[in-house]
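Residue numbers (the working numbering): 2 to 457.
This is the structure in structure tokens:
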């Protein structure tokens, strides 16, 4: 059926134009919609999606449009800390929507101040900047590091050192900080990404020290034209997530802290995945015995409602940004901060950190038992709290992605962390019984792989 049109006439000095205005097509929200077909036709293919369409969730369970029940050990990739449809989070969001859900940061927002205070009260932070995602939080940290290097040390060529196999986000500077060349392909200019980033091996003190020494010296050719090279920051994940669930070592982070102090750089800890309780402590850096100058958060901070944050310690770092230096339209709006406060309250009221530690140990013990039983398929178990990874043996004939796909058929949602690690990141509210269920389903998958390998 052709669209109805109306004609409007506009006269200019040079010509007479007739603009045809199309009648708007309202959105469709029918349960009979071909969702996958609509995705293929209308959504850009930035994700390789599994053939599941999620209709609803409750606690640690998700339900498809076909009525299938799935045990969710992905949590929106470490995001849904309170699981799905949690009553405290639902109530907080509903009440905030009935009041005011968004106003500009030109005005004071009570929930933003309250969430910032909770973060500062429970961390080394002095002040907080709110945004919408982990990538944005890391971009803010990078900007802060560069401005501080410029204003306090007169550095014209500031460097940020990050680790190989890291992941810091998809925006350009955060992507450049990500030490994995596969993510850079197609986004460079003249063969390079954003200038001012160098990479070292994670947990390698000698690699870090050598790089800091090199970059803290200004070459003569730069000095001659009035430029100064220096290290603005060392930016590290406390535990590398996308890099294969690799925890940092206390020795490496102690060295990073000492070297940053020596050359006047700041230490940035990316807590986007490991922070907000997932490690069994509120912040990942608490597992390492150091205090960062800056740390970033997102994912679980809002329990699934988009919010990010960049925290800075001490007036010399926390007051680097001045009005106009950085901003975010949605950052810290009433709705997002109401969600953040609900998550914070539940972490405190329900003693979720204790649950994370207990269930994390249960998960580690169970995975180790399976790995010991099937050593031809599984290798090392590593991680903290409820952020765990199990290595897939290189000669097993299987990949992490294949095991994840097979687990899905058993009703268990998992997610790879690279090609060789299966990641377990359930909601922080997961129960002892649900951990047992997940382990049983995963062992079924591994046993099937063993049977297939034996028969070949």
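The C-beta atom is built at its ideal place from N, Cα and C for all residues, glycine as well.
Everything numeric in this text was worked out from a predicted model, so none of it was measured.
When DSSP states are grouped into helix, strand and coil, residue 113 belongs to the helix group.
Between residue 429 and residue 82, the alpha-carbon positions lie close to 5 Å from each other. In the displayed model, residue 284 falls within coil according to three-state DSSP, outside both helix and strand. Approximately 17 Å separates the beta-carbon atoms of residue 385 and residue 124; this is outside 8 Å, ruling out the contact. Judged by DSSP in its simplified three-state form, residue 125 adopts coil rather than helix or strand. Between residue 60 and residue 84, the C-beta spacing is below 8 Å. In this structure residue 225 is exposed. Its beta-carbon is surrounded by fewer than 16 other beta-carbon atoms within 10 angstroms. One alpha carbon belongs to residue 409, the other to residue 442, and they sit about 9 Å apart. DSSP places residue 70 in the strand class (E or B) of the three-state scheme. In chain order, 274, 300, 416, 426 place their CB closer than 8 Å to the CB of residue 78, counting only its own chain and leaving out the 5 sequence neighbours on each side. For residue 135, the enclosing alpha helix (DSSP H) begins and ends at 135 to 154. Separation of residue 414 and residue 268 (C-alpha to C-alpha, rounded to the nearest whole angstrom) is 35 Å. In this structure, the CA atom of residue 237 is about 19 Å from the CA atom of residue 215. Residue 22 has its alpha-carbon roughly 52 Å from the corresponding atom of residue 279. The Cβ atoms of residue 336 and residue 39 do not sit closer than 8 Å to each other.
Of 374, 318, 362, 173, the smallest CA-CA separation from residue 137 is found for 173. As the crow flies, the alpha-carbon of residue 76 is around 17 Å from that of residue 52. The three-state secondary structure of residue 194, taken from DSSP, is coil. In terms of CA proximity to residue 432, 359 leads the group 379, 359, 396. Residue 158: member of the beta strand (DSSP E) spanning 158 to 164, first to last residue. Along the length of the segment 293 to 350, whole beta strand (DSSP E) runs at least 3 residues long occupy 295 to 298, 309 to 313, reported in chain order. Per the coordinates, the alpha-carbon of residue 393 lies some 12 Å from the alpha-carbon of residue 371.
Ranked by how close their Cα comes to the Cα of residue 30, the residues 56, 349, 378 have 56 in first place.
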